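Since the structure comes first, as structure tokens, the remarks are kept for the end.
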Amino acid sequence: MSKQAVIERRRAARIESERAERARASRTKRLWRLGAAAAAAAVLAAGAVAVSSNGGAKPAPPATTSSLLAGIPENHGVLGDPKAPLTLTEYVDLQCPICARAAQSTLPALIRDDVRSGKVKLQVRTLSFLGADSVRAARVAAGAERQGRLWAFLEAFYARQGTENSGYVTDGFLRDVSKAAGVDAGQAIGQADSAFASGRLERADADATRMNVQGTPTLTVKRGNGPERVLTTSPLDAAAVQAELDREAAR
Amino acid sequence: MRAAAIGVALAGLGIATYLTVVHYAGDEPVCAVAHGCATVQQSDYASLAGVPVALLGVLGYLGVLAALARDGEAWRTAAAFLSLAGLAFSGWLTYVEVGILDAICIWCVGSAICMALLTVLTVARMLRAEPGGAVSAS
Numbered sequence: 273m274s275k276q277a278v279i280e281r282r283r284a285a286r287i288e289s290e291r292a293e294r295a296r297a298s299r300t301k302r303l304w305r306l307g308a309a310a311a312a313a314a315v316l317a318a319g320a321v322a323v324s325s326n327g328g329a330k331p332a333p334p335a336t337t338s339s340l341l342a343g344i345p346e347n348h349g350v351l352g353d354p355k356a357p358l359t360l361t362e363y364v365d366l367q368c369p370i371c372a373r374a375a376q377s378t379l380p381a382l383i384r385d386d387v388r389s390g391k392v393k394l395q396v397r398t399l400s401f402l403g404a405d406s407v408r409a410a411r412v413a414a415g416a417e418r419q420g421r422l423w424a425f426l427e428a429f430y431a432r433q434g435t436e437n438s439g440y441v442t443d444g445f446l447r448d449v450s451k452a453a454g455v456d457a458g459q460a461i462g463q464a465d466s467a468f469a470s471g472r473l474e475r476a477d478a479d480a481t482r483m484n485v486q487g488t489p490t491l492t493v494k495r496g497n498g499p500e501r502v503l504t505t506s507p508l509d510a511a512a513v514q515a516e517l518d519r520e521a522a523r
Numbered sequence: 002m003r004a005a006a007i008g009v010a011l012a013g014l015g016i017a018t019y020l021t022v023v024h025y026a027g028d029e030p031v032c033a034v035a036h037g038c039a040t041v042q043q044s045d046y047a048s049l050a051g052v053p054v055a056l057l058g059v060l061g062y063l064g065v066l067a068a069l070a071r072d073g074e075a076w077r078t079a080a081a082f083l084s085l086a087g088l089a090f091s092g093w094l095t096y097v098e099v100g101i102l103d104a105i106c107i108w109c110v111g112s113a114i115c116m117a118l119l120t121v122l123t124v125a126r127m128l129r130a131e132p133g134g135a136v137s138a139s
């Protein structure tokens, strides 16, 4: 091999080595850039998720319908043992956000401890004073009642409750609620304009007027066939409601 | 690869635009396959600090398209960054649908798939950049 050839070979090797080094450096640089981009994206997304979580801070849906209500009888919209000594009646409007809060913060403990044990039976009067969405919701709830799934329907509705009077109570929405509640949506929606549904709305209004209900949610209690009286404690205060029921039971 | 990314971004932009229009029109999205679109669209999670998530999607896809329209390492990095952020947020929204709302919005799933494809394409494009900052036509 001539001296010139050796020089050329060394030169080529050096060039190749420098090219490989540049490629390595470039790859490393790109990987660092990607890492930085991924980290920045993660920070941005985490911020968005944090805001989204807070903005969407509805109370978490209660333990599923099946676990909370499973095995508890429902007859004509009354949840629990028909012979339970105390009757707790809840006056609600399905669009009312505080009703949803009460249903998710106060009712689960009552259902678990008092309804399941046969001490209390629960009934509801679905009022519809907030607007057209309330009327539609209450009417389809009556359809769910006919299927013995009123309380499951209420629970599923509250878990998906939208902005008041935004027109969100559409047939699509009601189908989703019904599906989650194990209600035959077609049947329940089909019965929304029935005389039965109208009767349920009229009864709710009449009872609310009789009890001088001033807002929702309002809880009333009745012992046996005794007089119905409005609970004086906040429906959102589970412990206070429980204490008042205990006092009523002890009377 | 760049053309494919632009195609996917345009598809995502179409979905996000449709959902934004539906949001502001107060309508329900057409939901032929699944039936949870209205539930998702009307949930509290459909807005972020008062801004509809669908509108954020429009802005995100426009940002990716703008980054794809130019070349150079900085723009490739920008496209990958936007796609990664979009994918992460889409992942969160998908979790919200399945784990919290118990409702699937087929349009949102479509957008999440677009964002996932976009992430693969933009990251691969970024990693395939020519050494020394030179750019290929891919």
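Residue numbers (my numbering), protein chains in the order written: chain P, 273 to 523; chain U, 2 to 139. Just so it is clear, CB atoms sit at the ideal spot from N, CA and C, and this is done for glycine as well. None of these values were measured; they are calculated from a predicted model.
Straight through space, the alpha carbons of P/Q459 and U/L118 are spaced by roughly 42 Å. Between P/V455 and chain U, the shortest Cβ-Cβ separation is not below 7 Å. For U/Y46, no alpha helix (DSSP H) segment is defined, and its DSSP state is neither H nor E. Listed in chain order, the positions of the stretch 402-416 of chain P with a beta carbon within less than 7 Å of a beta carbon of chain U would be empty, since no residue qualifies. Note on P/V315: under 16 other CB atoms within 10 angstroms of its CB, so exposed under the neighbour-count rule. P/T490 and P/A476 have their C-alpha atoms spaced approximately 12 Å apart. In the structure shown, the three-state DSSP call for P/L351 is strand. With a threshold of 16 other beta carbon atoms within 10 Å, U/L11 falls short and is exposed. With a 10 Å radius around the Cβ and a threshold of 16 neighbouring Cβ atoms, P/L303 comes out exposed. For P/A460, there are no neighbours in chain U by C-beta distance under 7 Å, as the nearest C-beta there is about 15 Å away. The shortest CA-to-CA distance from U/V9 to any of U/W76, U/L69, U/L57 is the one to U/L69. Of all residues in the stretch 301-316 of chain P, only R302, R305, L306, A309, A310, A312, A313, A314, L316 come within less than 7 Å of chain U when Cβ atoms are compared, listed by chain position.
Exclusion of the five residues before and after P/A510 leaves S377, T378, A381, L382 as the residues of its chain whose Cβ lies within less than 8 Å of its Cβ. Fewer than three pairs of CB atoms, one per stretch, sit closer than 8 Å, so the stretch 12-21 of chain U makes no contact with the stretch 402-410 of chain P.
Here P/V396 is buried. Its C-beta has 16 or more other C-beta atoms within 10 Å.
Secondary structure of P/D443 (DSSP, three-state): helix. The three-state reading of DSSP puts P/L503 in coil, since its state is none of H, G, I, E or B. Residues of chain U whose Cβ lies closer than 7 Å to the Cβ of P/A320 are, in chain order, L49, F90. The continuous beta strand (DSSP E) containing P/T359 extends over residues 358-365.
Put simply, the backbone Cα of P/V392 is about 19 Å away from that of P/T398. In the three-state scheme derived from DSSP, where H, G and I count as helix and E and B as strand, P/R495 is classed as strand. Partner residues in the beta bridge of P/K393, as assigned by DSSP, are P/T359. The residue among P/I461, P/D443, P/G352 with its C-alpha nearest the C-alpha of P/W423 is P/G352. Between U/W93 and P/V321, the C-beta gap is smaller than 7 Å, which places the two residues in contact. Remark: C-beta atoms of P/A414 and P/A469 approach each other more closely than 7 Å. With respect to U/A80, U/T18 sits apart: the two C-beta atoms are not nearer than 7 Å. At a beta-carbon threshold of 8 Å, the residues of chain P lying near U/V124 are L306, ordered along the chain.
Residues of the same chain with a CB within less than 8 Å of the CB of P/N347, apart from the 5 flanking positions on each side, are P354, G420 in chain order.
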